[in-house]
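Novice:
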Amino acid sequence: MRKQRTGKMALGAGLAFLMAVSLTGCEMDRMDQEAAETKAEDPADETETAESGDNRTGEIPEETSRGIGAGEAAEPEEASGPDQEPDQLLFVETRRSYDGEWKDQRCLLRSRWDGLYVPVDGWDTLKDGLDQYNAEVSQETGERFKENLSLVREDPPEPGQEYYIEREIRVQRADSRIVSFWDMDSSYVGGAHGSYYAHGVNFDPASGKRLALSDVVTDLEAVYQYVKEDVKSQDDGSLYPEYEETLEAMFHNGSGDEGQLEWIMDRDGITVVFNPYVLGPWSEGTLESRMTFADCPDLLLETYRAGAGAAVQLSEGEPFYADWDRDGEKEEYIYTVQVDEETYTSSITLSQTGEGAETEAAGPWEAGDHGSLTDVWLLEAGDGRPFLWLEFSSENDLRVLEVFTLQNENGTLVLYYVGSSGDSMYGSFIGDPGHFLLYDRIDLLGTYMAYRSFHMGEDGMPEADGTVYTIPGNGDRGPVLRASAEIPVWIEGKEERIPAGTELVLRAAELPDETGAARAEAELPDGRHCELRIQKDRDQYRFRIGGMDEYDCFESLGYAG
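Following my numbering, the numbering of the sequence shown begins with 1183 at its first residue and continues without gaps.
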């Protein structure tokens, strides 16, 4: 039996974090501690089977030295379908919306819901499918909020209670074969406990249609028999007497009395989930049946097989298994959080299975006040070394990424602080440590959220693949600037002048270099792309275009702060 060993490190003045590491594993989904108290609601609409369709792949802008290059996504390639290579990354990100009502400085009811988006160019049919799904979730959450608000106004929560309605998306896989995620539906509006329901949502990127389980397995009947035996092996007599009838109906009729078949596909295989009250009472919790490409190669379509994952979004208390050290045995990674109510500090403990005795605490390490912890990722460098990425959110939702490395020194597991990055996830999914998107707030002709392409460096820090930021907008339309004077622009290397009143949609930007020179790319009303050559004043924070102050060039500029 393996012994567990622990190394600890304290972070924090104001908000302290203790990083404890022990050598102890399982596939994990991104389930935070709030979702552990969540509520089952009505099942999602009937799954729509994917059909073939055309789409195009979004790529990161190519750059030239001191040039924006195309400044937009490079010419997309044809999308790969199930008969082509699977490992084409597809960039997706979650965006969160909020609502709530307060009375006498006290929250009566709050709601939050996630939407899933593709920030890069291309993938239009997938974007349409996701937009429709996002709209349905937004409408449903809003309706539930209004229905429950009238009730909580009459019977508000007791002191110390919190009433909420939440939909949280946890992406499991995103590539040219499949976009798969859990939509965790949770709520508490009174009663003995909260409730939750896990919706498994799977899209075919090429067609933008929902995938059914039958689309990704070789034989649905064989899968049913496998899951049936697996569930039977987990039953200790507490499941409903008629659970087998419900299970059969879910596979053969598409749904049972208590809900539809919920499943996701990650890079290792498929997980089928049965929510509380579906096959058994609340006390039984959620039942899972797992089929991996390694263990069930005859059940899963080979065309959906992908390389082993090297990045995982951790959820508190949820174990994750991986054989990153290539010793033929999977290790378990799991983190937990403890909060000191007296000092208002928190401690994070990361554990990993391994050999050896317990270690002594290492640290403390003073990190200063970070704000609230918003995201936790574990990434592997390609040589077995794991890196812990912690994203913190502070005032105005500014994010900072803190990076740590986990090392074994003379039998003792030690967690070392590597560095900090102002570029962070902001909801962006990391499918591959070698290619992902991170966001930052930039100030150039206004304040905007913008992303760049990154890879993880040898030291575990994110390294940018270039200097150009892409500025996404709502849909595919970025922020709009209206010229208030005739200003110079460059189109295909030639200077032209556009008249006052022209609307420009910002698409990309390159921040000032050591000489103060900066550039932005914008789309003109006729669809052409132009370049704005910008110069920063040496003794001011203002910019000039063709010698004109930026505020004289445009009707309004939305700088933050």
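Beta carbons are placed, not taken as given, at the ideal position from N, Cα and C, and that holds for glycine.
Note that this is a predicted model, so its numbers are computed, not measured.
What's the gap between the Cα of Leu1693 and the Cα of Gly1601?
Specialist: 23 Å
Novice: Enumerated in chain order, which unbroken segments of the beta strand (DSSP E) with a length of 3 residues or greater are wholly contained in the region 1683-1734?
Specialist: 1685-1692, 1699-1705, 1711-1718 and 1725-1727
Novice: Since Leu1620 and Asp1605 are thought to touch, with beta carbons under 8 Å apart, how far apart are those beta carbons, to the nearest angstrom?
Specialist: 4 Å
Novice: Helix, strand or coil for Gly1601? Go by DSSP, reduced to three states.
Specialist: strand
Novice: Would you mind working out which of Met1631, Tyr1515 and Gln1722 sits nearest Gly1655, comparing C-alpha positions?
Specialist: Met1631
Novice: By a C-beta neighbour count over all protein chains shown, 10 Å radius and 16 as the cutoff for buried, is Ala1488 buried or exposed?
Specialist: buried
Novice: For the alpha helix (DSSP H) containing Gly1324, name the first residue and the last one.
Specialist: Asp1306 to Glu1336
Novice: Which class does Met1366 belong to by DSSP, given the choice of helix, strand or coil?
Specialist: strand
Novice: Taking the beta strand (DSSP E) that Asp1507 falls in, what are its first and last residues?
Specialist: Where Asp1507 is concerned, there is no enclosing beta strand (DSSP E), because DSSP gives it neither an H nor an E.
Novice: Run through the DSSP bridge pairs and tell me what Leu1421 is partnered with.
Specialist: Answer is none; Leu1421 lacks a bridge partner.
Novice: Can you confirm whether the region 1303-1315 touches the region 1339-1346 when touching is taken to mean that 3 or more C-beta pairs between the two stretches lie within less than 8 Å?
Specialist: no
Novice: Taking contact to mean at least 3 C-beta pairs separated by less than 8 Å, is the region 1669-1677 in contact with the region 1299-1311?
Specialist: no
Novice: Using alpha carbons as the reference points, say which of Phe1475, Val1455 and Asp1625 lies closest to Glu1466.
Specialist: Of the listed residues, the one whose Cα sits closest to Glu1466 is Val1455.
Novice: Check Lys1391 in the structure and name its three-state DSSP category.
Specialist: Coil at Lys1391, not helix or strand.
Novice: How about Arg1495 and Trp1445: do their beta carbons lie closer than 8 Å?
Specialist: It is worth fixing the name first, because residue 1495 is Gln in this sequence and not Arg. For Gln1495 and Trp1445, no; Cβs fall outside 8 Å.
Novice: Residues in its own chain within less than 7 Å of Ser1471 by CB, not counting five upstream and five downstream?
Specialist: Val1409, Asp1412, Val1413 and Val1454
Novice: Residue range of the beta strand (DSSP E) that Leu1290 falls in?
Specialist: Arg1288 to Tyr1299
Novice: Taking the C-alpha atoms as reference points, what is the distance between Asp1397 and Asp1477?
Specialist: 19 Å
Novice: Are the beta-carbon atoms of Leu1561 and Ala1493 separated by less than 8 Å?
Specialist: yes
Novice: Out of Tyr1459, Ala1504, Cys1712 and Asp1281, state which residue places its alpha-carbon closest to the alpha-carbon of Ala1380.
Specialist: Tyr1459
Novice: Cα separation between Glu1233 and Glu1732?
Specialist: In this prediction, Glu1233 scores a pLDDT of 37, lower than 50, which makes its location untrustworthy; no coordinate-derived value is stated.
Novice: Quick one: using the 10 Å Cβ neighbour count with 16 as the cut-off for buried, is Arg1359 buried or exposed?
Specialist: With 16 or more other Cβ atoms within 10 Å, it is buried.
Novice: Where does Met1643 fall in DSSP's three states?
Specialist: In this structure, DSSP gives Met1643 a state outside helix and strand, which the three-state scheme calls coil.
Novice: Buried or exposed: where does Glu1275 fall if 16 or more other Cβ atoms within 10 Å of its Cβ makes it buried?
Specialist: buried
Novice: Would you mind reading off the limits of the alpha helix (DSSP H) that contains Leu1402?
Specialist: Leu1402 to Gln1416 is the extent of the alpha helix (DSSP H) around Leu1402.
Novice: Is the beta carbon of Arg1449 less than 8 Å from the beta carbon of Arg1508?
Specialist: no
Novice: Kindly give me the distance between the Cβ atoms of Pro1423 and Trp1305, rounded to whole angstroms, as I take these residues to be in contact under 8 Å.
Specialist: Not really, about 47 Å apart at Cβ, beyond 8 Å.
Novice: To which residues does DSSP link Ala1493 through a beta bridge?
Specialist: Leu1561
Novice: For Ser1150, which residues in the same chain have their Cβ closer than 6 Å to its Cβ, ignoring the five residues on either side in sequence?
Specialist: Residue 1150 lies beyond the range of the chain shown here (1183 to 1743); nothing can be said about it.
Novice: Residue range of the beta strand (DSSP E) that Trp1571 falls in?
Specialist: Pro1568 to Ser1575
Novice: Would the beta-carbon of Arg1355 be found less than 7 Å away from any heavy atom of the ligand FMN?
Specialist: The model on display carries no ligand, and the ligand FMN is accordingly not part of it.
Novice: Who pairs with His1637 in a beta bridge, going by DSSP?
Specialist: Glu1645
Novice: Measuring only the C-alpha atoms, how far is Pro1376 from Tyr1370?
Specialist: Per the sequence presented here, residue 1376 reads as Gly, with Pro not at that position. Distance between the alpha carbons of Gly1376 and Tyr1370: 4 Å.
Novice: What do you get for Asp1236, buried or exposed, if any count of 16 or more other CB atoms within 10 angstroms of its CB means buried?
Specialist: Legend: pLDDT at Asp1236 = 37, less than 50; position of this residue unreliable, value from coordinates given subsequently. Exposed, by the Cβ-count rule.
Novice: With distances taken from CA atoms, which of Tyr1515, Gln1321 and Ala1691 is nearest Ile1624?
Specialist: Ala1691
Novice: DSSP three-state call for Ser1606: helix, strand or coil?
Specialist: strand
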